[in-house]
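Under the numbering used here, the first residue of the sequence shown is numbered 3, with each subsequent residue one higher. Note that CB positions come from ideal geometry on N, CA and C, so glycine has one too. All values reported here derive from a predicted model rather than from experimental measurement. Down below is the structure, laid out as structure tokens.
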Amino acid sequence: MKKITMYVMTLLVGVAMVSGCTKEGPAGKDGIDGKDGRDGKDGKNGSIIITGNGVPNVELGNVGDYYFDRTTSDLYGAKTAQSWGTPTNLKGLQGEKGDKGDTGATGSTGANGADGNKFLSGITAPTADLGKVGDWYIDTQNRKLYGAKTEQGWGSGISLSGGNSEGISASDYKLSADGKTLVLWMNLNTRNIDMNADPNLSQVTTIQQGAFENCNALNSIIISNSVKKIEKQTFEELIRLKSVVLGKGVEDISSDYAWRGGSNYYQGGGVFSICKSLKTITIPSNVKYMQRAFTSCLELESVIIENGVINIDEAFIQCKSLTSVVIPNSVTSLKGAFADCERLTSVTLPSTITEIGKVVKPYSSSFSQGTFENCKSLSTINIPNSVTHIGYSTFASSGLVSVVLPNSVTELERATFANCEKLTSVTLSNQMTIIKGVVEGYYNQNATFYNCKALTALTIPANITTIEKGAFFESGLTSVTLEATTPPQLIDYIGLFVDQYDENNYNSTPKLTKVKTIYVPASSLSAYQNAEGWKDLATNGISLLPKP
Numbered sequence: 003m004k005k006i007t008m009y010v011m012t013l014l015v016g017v018a019m020v021s022g023c024t025k026e027g028p029a030g031k032d033g034i035d036g037k038d039g040r041d042g043k044d045g046k047n048g049s050i051i052i053t054g055n056g057v058p059n060v061e062l063g064n065v066g067d068y069y070f071d072r073t074t075s076d077l078y079g080a081k082t083a084q085s086w087g088t089p090t091n092l093k094g095l096q097g098e099k100g101d102k103g104d105t106g107a108t109g110s111t112g113a114n115g116a117d118g119n120k121f122l123s124g125i126t127a128p129t130a131d132l133g134k135v136g137d138w139y140i141d142t143q144n145r146k147l148y149g150a151k152t153e154q155g156w157g158s159g160i161s162l163s164g165g166n167s168e169g170i171s172a173s174d175y176k177l178s179a180d181g182k183t184l185v186l187w188m189n190l191n192t193r194n195i196d197m198n199a200d201p202n203l204s205q206v207t208t209i210q211q212g213a214f215e216n217c218n219a220l221n222s223i224i225i226s227n228s229v230k231k232i233e234k235q236t237f238e239e240l241i242r243l244k245s246v247v248l249g250k251g252v253e254d255i256s257s258d259y260a261w262r263g264g265s266n267y268y269q270g271g272g273v274f275s276i277c278k279s280l281k282t283i284t285i286p287s288n289v290k291y292m293q294r295a296f297t298s299c300l301e302l303e304s305v306i307i308e309n310g311v312i313n314i315d316e317a318f319i320q321c322k323s324l325t326s327v328v329i330p331n332s333v334t335s336l337k338g339a340f341a342d343c344e345r346l347t348s349v350t351l352p353s354t355i356t357e358i359g360k361v362v363k364p365y366s367s368s369f370s371q372g373t374f375e376n377c378k379s380l381s382t383i384n385i386p387n388s389v390t391h392i393g394y395s396t397f398a399s400s401g402l403v404s405v406v407l408p409n410s411v412t413e414l415e416r417a418t419f420a421n422c423e424k425l426t427s428v429t430l431s432n433q434m435t436i437i438k439g440v441v442e443g444y445y446n447q448n449a450t451f452y453n454c455k456a457l458t459a460l461t462i463p464a465n466i467t468t469i470e471k472g473a474f475f476e477s478g479l480t481s482v483t484l485e486a487t488t489p490p491q492l493i494d495y496i497g498l499f500v501d502q503y504d505e506n507n508y509n510s511t512p513k514l515t516k517v518k519t520i521y522v523p524a525s526s527l528s529a530y531q532n533a534e535g536w537k538d539l540a541t542n543g544i545s546l547l548p549k550p
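Written out as structure tokens, the structure reads:
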């Protein structure tokens, strides 16, 4: 039995040894890479650098911030929940005191010592001509420390943002042969760009149309001071773009009209159109032209336009979150600038404005172009007496309740107040000569006061010589007073008093308004009763009476 057992054990050991010597089989192929995960949430705001004279107060700043003491060159931070901590002196440590030597003979007066180093600060990267060798510089806006400056320049700087900054390399972008035009941004994952901080980008003068197309990770950009022109659609539809700083050299961010497919009018096309995360913007005085620049920026709440900007035509169409705006004295005309700004409640116009409106609507337009058209929250506006012309549909479908046209106004285009259903009071300029109505073959909505249902009374100034057909289509007029001693010409007597009219059949019989009485100067009553058009009113139940 022992022999059998020993035999079995020997056999098992032999099998184990053979199994252990077997070679390992070939490795299998790698599996297919999985899909990239979704972008993570935007990080929290980075720390900031505060400057001052003396030790920082414990209540100053937030956790993570830095503080620079100008008087001692001490840098504190990053701040913790307990305190600012112990500062680092940027002057370097003082050497050890040496042994006292024997008193020597009084020497001659030495030469004046060299100037000491300075600590400079600003909100952009330092320019090459700023400061001297040995100086230091803090960029407080981008939280970068430069220095000490050498004969070669300031260097690339050190970030003080706690890891939130990102480097930019020449492979991230494409420039023109002469280096003056930024043609395309290649790195679609870039989140923050400071063009002033890059030696190549800081020399760019033009940013080409569509240069940042599909850069959907971009969160902020500082345009370099060398850039003069930003072409249309450059930053269009960058949905994460929240912060834009326009450089001191930028003069033109304007765009023309744009179409997308056949005859469909496209509401974008601007430099920053449809940037849905952009909430605030400051337009510096060096920018002169900004037509259509911010159309359809739906979250844009605050706009500061500095004095010096000349043209803002159609710049803020469909900025539906914009609530107030102050126009600087450098602007002289407004054409379609704030159409469809539904939450706009306050507009301050300067005394330099001479023209409001006069933008022609393209066919197949999907949105308005009257300067304040569809501004449904705008209940009042002060029109300065510098204005001479108010263009097509300027206040159409707005929330205006009352309006006074200064006597400087000489022309009121068609549809100016069309569909202003809350309008109860209008004071017309005494320099106007015509109230425009419907152009034959066009819609009734082209009439100046079309569908002003709350407008029940109106005084027509003495200088009005012509009232066109359908000027008050479907208005709420019940009383009209004319001040002209010579009866104005009526282009078809129904022009003043039509309530409904079949726009598909211009030969149909109209319905007259609720107007039953028209007051005219007593000395001219007979003239009105015998004038063409006016004499026909009696047959329609409208009385001509002398003014009380």
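Reduced DSSP category for residue i - H, G, I as helix; E, B as strand; rest coil
i: SER367; result: Because the pLDDT at SER367 is just 44, under 50, the model does not fix this residue reliably, and the value given afterwards should be weighed accordingly. SER367 falls in the coil class under three-state DSSP.
i: GLN205; result: helix
i: ASP538; result: helix
i: SER275; result: coil
i: ILE544; result: coil
i: ASN313; result: strand
i: SER528; result: helix
i: ASN198; result: helix
i: ASN448; result: helix
i: GLY155; result: strand
i: ALA113; result: coil
i: THR74; result: coil
i: TYR267; result: For TYR267, the pLDDT reaches just 44, beneath the cut-off of 50, and the residue's location in the model is therefore unreliable, leaving the point undetermined.
i: GLY164; result: For GLY164, the predicted model reports a pLDDT of 45, less than 50, meaning its position is unreliable; a value from the coordinates is still stated below. It is coil, neither helix nor strand.
i: SER304; result: strand
i: GLY2; result: With the chain represented from 3 up to 550, any question about residue 2 goes unanswered, as that position is not in the structure.
i: THR53; result: strand
i: VAL440; result: coil
i: ILE283; result: strand
i: SER348; result: strand
i: ILE170; result: coil
i: SER323; result: coil
i: ASN59; result: coil
i: ASN91; result: strand
i: VAL517; result: coil
Residues that DSSP places opposite residue i in a beta bridge
i: PHE121; result: TRP138
i: GLN404; result: The question names Gln, but residue 404 is Ser in the sequence shown. SER427.
i: LEU336; result: ILE358
i: TRP187; result: TYR175
i: GLN491; result: THR468
i: GLU413; result: HIS391
i: LEU460; result: VAL482
i: ASP254; result: LYS231, TYR291
i: ILE241; result: Answer is none; ILE241 lacks a bridge partner.
i: ILE383; result: Paired residues: none, contrary to the question.
i: ILE223; result: ILE195, VAL246
Cβ pair residue i, residue j closer than 7 Å
i: ASP137; j: LYS151; result: yes
i: GLN570; j: GLY212; result: As shown, the chain starts at 3 and ends at 550. That puts residue 570 outside it, with no answer to give.
i: GLU357; j: SER335; result: yes
i: ASP342; j: ASN376; result: yes
i: ASN331; j: THR354; result: yes
i: LEU402; j: LEU425; result: yes
i: ALA456; j: ALA473; result: no
i: CYS277; j: LEU240; result: yes
i: GLU415; j: GLY393; result: yes
i: ASN216; j: LYS244; result: no
i: LYS549; j: TYR530; result: no
i: THR390; j: THR412; result: yes
i: VAL65; j: ALA83; result: yes
i: ILE223; j: ILE195; result: yes
i: ALA459; j: SER431; result: no
i: SER326; j: GLU308; result: no
i: THR418; j: THR396; result: yes
i: LEU92; j: LEU77; result: yes
i: CYS454; j: SER427; result: no
i: VAL311; j: ILE283; result: no
i: LEU203; j: SER226; result: yes
i: THR566; j: THR467; result: Because the chain spans 3 through 550 in this model, residue 566 falls outside it and cannot be assessed.
Within-7 Å CB hit, residue i to chain D
i: THR373; result: In the structure shown, chain D cannot be found, because there is only a single protein chain.
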